[in-house]
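Read through the structure below, which is laid out as structure tokens, and then see the notes.
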Amino acid sequence: MEVEVGNGGNGEEEVPNWGTSLPVESVQEIVRKDPFNVPEKYIHDLDCIQNDVVLPQLSSDIPVIDLSLLSVGDEVELQKLDMACSDWGFFQIINHGIEGQILQEVKDIAAKFFELPIEEKKKYSMASNDVQGYGQVYVVSEEQKLDWADLFILVVYPTKFRKSIFWPTSPPEFIKAIEEYSSEANRVAKELFSSLSILLGMEKDSLLKLHDEVMQAMRINFYPTCSMPDKVVGVSPHSDTSTLTVLLQDDEVTGLQIRHSGGWIPVKPIPNALVVNVGDVIEVLSNGKYKSIEHRAMTNESKVRMSIASFICPQDDVQIEPLDTMVDGAENMPRYKRMRYGDYLRYSLKTKMDGKSHTNLIKLEDE
Numbered sequence: 001m002e003v004e005v006g007n008g009g010n011g012e013e014e015v016p017n018w019g020t021s022l023p024v025e026s027v028q029e030i031v032r033k034d035p036f037n038v039p040e041k042y043i044h045d046l047d048c049i050q051n052d053v054v055l056p057q058l059s060s061d062i063p064v065i066d067l068s069l070l071s072v073g074d075e076v077e078l079q080k081l082d083m084a085c086s087d088w089g090f091f092q093i094i095n096h097g098i099e100g101q102i103l104q105e106v107k108d109i110a111a112k113f114f115e116l117p118i119e120e121k122k123k124y125s126m127a128s129n130d131v132q133g134y135g136q137v138y139v140v141s142e143e144q145k146l147d148w149a150d151l152f153i154l155v156v157y158p159t160k161f162r163k164s165i166f167w168p169t170s171p172p173e174f175i176k177a178i179e180e181y182s183s184e185a186n187r188v189a190k191e192l193f194s195s196l197s198i199l200l201g202m203e204k205d206s207l208l209k210l211h212d213e214v215m216q217a218m219r220i221n222f223y224p225t226c227s228m229p230d231k232v233v234g235v236s237p238h239s240d241t242s243t244l245t246v247l248l249q250d251d252e253v254t255g256l257q258i259r260h261s262g263g264w265i266p267v268k269p270i271p272n273a274l275v276v277n278v279g280d281v282i283e284v285l286s287n288g289k290y291k292s293i294e295h296r297a298m299t300n301e302s303k304v305r306m307s308i309a310s311f312i313c314p315q316d317d318v319q320i321e322p323l324d325t326m327v328d329g330a331e332n333m334p335r336y337k338r339m340r341y342g343d344y345l346r347y348s349l350k351t352k353m354d355g356k357s358h359t360n361l362i363k364l365e366d367e
């Protein structure tokens with residue numbers, strides 16, 4: 001497979017920037033220096049954590065979709081997808097066709113990157129005007145509480161948007177592993193697009209065409225252990241600005257939680273399965289039938305956790321609004337404005353994670 005990294009914006013077309021984030025200290029390094037040190041800026045309001053209701057008994061209720069059935073038009077599986085998107089906003093997919101070796105290799109290569117000395121990782125630090133690279137996102141003030149995680153972000157597709165300065169040459173297999181997995185995650189998302197198009201009352205290829213050319217960003221999340229896991233949050237509650245998010249979880253450690261049934265439900269890993277969630281774009285297109293759901297990541301005292309999220313999004317200039325098929329006169333009036341996707345994405349990245357507050361920008365005032 002030929003691997004294309006890109007020229008970092010030195011060609012004919014300028015590579016856009018999507019946002020900025022203030023630089024912060026590596027959490028991994030904080031723990032390495034002193035495993036018992038939890039700086040005050042990471043300690044969240046205890047009422048937001050300890051008083052939350054966690055409902056592990058409902059984990060098994062999170063829908064599981066068989067993509068091999070969905071992709072051949074199985075009507076029962078299609079209705080399961082409809083229920084998953086309308087009732088949960090999250091589901092796990094099995095039989096997705098990605099070889100176990102590819103899944104393991106991308107996990108291994110991500111782990112090797114975070115095992116590098118901090119001086120090596122800093123070579124790929126986010127620029128002051130971009131969110132690609134090694135660092136943190138949604139840090140907009142010196143006063144805000146921080147998440148107990150380090151991140152590495154790359155824009156993978158379209159390849160013309162790749163910036164070579166952020167693609168590590170060490171470990172040497174990094175680019176190949178990221179490319180192989182991202183290509184497969186892209187395929188999975190597009191197969192889901194076909195089924196969602198049908199559920200949204202359109203032709204199978206309509207959702208893909210609406211995106212102009214799918215944009216895909218990868219975020220590798222590294223959650224170090226924490227001596228006070230009940231006082232920190234790995235990733236603060238939020239919904240995703242994407243159309244869909246495809247997540248590869250750690251098979252051994254549960255950390256992802258979704259808001260449902262008045263509490264937080266842990267998403268227990270199914271080996272080699274992928275977690276998919278509805279993003280804000282689908283919520284808008286479906287006129288609220290399918291909602292992007294708040295989710296968060298929690299930490300633990302004994303095991304490092306990693307996950308790899310692929311955000312599937314439209315191009316900047318795509319206008320998003322409720323589809324005609326989802327608006328039905330007075331009984332189902334549009335609930336969202338028409339907006340350029342790039343403007344919505346950049347607005348979100350300028351604010352700290354705060355549940356679904358960023359979606360107020362695109363909601364109509366009477367909603």
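Residues 1 to 367 (the UniProt record's numbering) are what the sequence shown spells out, left to right. By construction, the Cβ of each residue, glycine as well, lies at the ideal position given by its N, Cα and C atoms.
Residue state for W88 is assigned as helix, using DSSP reduced to three classes. As DSSP reads the structure, I320 sits in a beta bridge with M339. Inter-residue distance for E191 and A185 is about 10 Å (C-alpha atoms, whole angstroms). As DSSP reads the structure, Y157 sits in a beta bridge with Q216. Under the three-state reduction of DSSP output, F222 falls in the strand class. Under the three-state reduction of DSSP output, R162 falls in the coil class, being neither helix nor strand.
In the structure shown, D61 adopts helical secondary structure according to DSSP, grouped into three states. T299 places its beta carbon less than 8 Å from that of G234. Runs of the alpha helix (DSSP H) spanning 4 or more residues and lying entirely within the region 113-161 occur at 118-121, in chain order. When Cβ pairs closer than 8 Å are counted between the two stretches, the region 65-78 is seen not to touch the region 209-227, the count staying below three. Secondary structure at L199: helix, using DSSP grouped into helix, strand and coil.
Listed as beta-bridge partners of L244 by DSSP are V278 and I312. Per DSSP, the beta-bridge partners of Q257 are P266 and R296.
The beta-carbon separation of E294 and P237, rounded to 5 Å, stays under the 8 Å limit for a contact. V188 carries a helical assignment under DSSP once its states are collapsed to helix, strand and coil. P56 counts as exposed, since fewer than 16 other beta carbons sit within 10 angstroms of its beta carbon. Around the beta carbon of T159, fewer than 16 other beta carbons lie within 10 angstroms, which makes this residue exposed. According to the DSSP secondary-structure assignment, N332 is paired through a beta bridge with D328. Assignment of M306 by DSSP, reduced to helix, strand and coil, places it in the strand class. Sorting Q315, N332 and T325 by C-alpha distance to the C-alpha of P16 places Q315 at the top. Below 8 Å, too few C-beta pairs join the region 135-143 and the region 220-233 to call them touching: fewer than three. Beta-bridge annotation (DSSP): G355 is paired with H238. In the DSSP assignment, no residue is bridged to K209. As a beta-bridge residue in DSSP terms, D66 pairs with I94. DSSP, reduced to helix, strand and coil, places V284 within a helical segment of the structure shown. The region 211-221 and the region 303-311 touch, with three or more beta-carbon pairs separated by less than 8 Å. R338 and V76 have their C-alpha atoms roughly 33 Å apart. Excluding its 5 nearest sequence neighbours in each direction, W148 has C-beta neighbours in its own chain below 6 Å: V27, Y42, C226, V232, G234 and T299, listed in chain order. DSSP lists W264 as the bridge partner or partners of V54. Looking at the DSSP output, K363 sits in a beta bridge with Y336. Here W18 is not near L361, since their CB atoms are 8 Å or more apart. Under the three-state reduction of DSSP, M228 is assigned to coil, being neither helix nor strand. When DSSP states are grouped into helix, strand and coil, S71 belongs to the coil group.
In this structure, DSSP gives Y181 a helical state, which the three-state scheme calls helix.
Going by DSSP, Q28 is part of the alpha helix (DSSP H) stretching over V27 to K33. Straight-line measurement puts the Cα of V53 at about 47 Å from the Cα of E14.
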